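Trainee: Here it is, the structure, as structure tokens.
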């Protein structure tokens, strides 16, 4: 994990801690970070605070929508990072479908 990833993770933990204090029953988090190792770390960290954790990945989201969503985030990862992560997670045809918004 890079120092940038570490800063993003620290910020994420702060935001989630605040949300957990304010939300007694259900908490739904939405993130554009598709890095599986970071998702596993976040899931592991959450398991110390809640009874049930489910990570749902929605692959058909077109890349332009992911980029638009990421642009509005406080800790934006950037279009190039999203492209890399999406390419790693999906097969080549699915990757290009997402790029073109098909």
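Numbering (full-length UniProt numbering), first residue to last: 1 to 102.
Glycine included, each C-beta is placed from N, C-alpha and C at the ideal position.
Nothing here was measured: the structure is a model prediction, and the numbers come from that model.
Locate the alpha helix (DSSP H) running through residue 70, then write down its first and last residues.
Mentor: For the purposes of this step, residue 70 is taken as residue 70 along the chain shown, with counting starting at 1. From DSSP, the alpha helix (DSSP H) with residue 70 extends over 63-71.
Trainee: With three or more C-beta pairs closer than 8 Å as the rule, is the stretch 12-24 touching the stretch 32-49?
Mentor: Segments in contact, yes.
Trainee: For residue 28, which of helix, strand or coil comes out of DSSP?
Mentor: Translated into the one-based positions of the chain shown, residue 28 becomes position 28. Coil.
Trainee: Excluding the 5 residues preceding and the 5 following residue 53 in the sequence, name in chain order all residues of the same chain whose CB lies nearer than 8 Å to its CB.
Mentor: Counting from one through the chain shown, the residue named residue 53 turns up at place 53. The answer, listed in chain order, is 43, 46 and 47.
Trainee: Among 61, 41, 10 and 75, which one has its Cα closest to the Cα of residue 89?
Mentor: Mapped onto the chain shown, residue 89 falls at position 89. Among 61, 41, 10 and 75, the Cα nearest to that of residue 89 belongs to 61.
Trainee: To the nearest angstrom, how far is the alpha carbon of residue 85 from that of residue 35?
Mentor: Within the chain shown, residue 85 is the residue found at index 85, counting from 1. Within the chain shown, residue 35 is the residue found at index 35, counting from 1. Going from the Cα of residue 85 to the Cα of residue 35 covers about 6 Å.
Trainee: Kindly indicate which residue of 26, 9 and 25 has the alpha-carbon position closest to the one of residue 37.
Mentor: Sequence index remark: in the chain shown, residue 37 carries index 37 (1-based). Checking every option, the nearest Cα to that of residue 37 belongs to 9.
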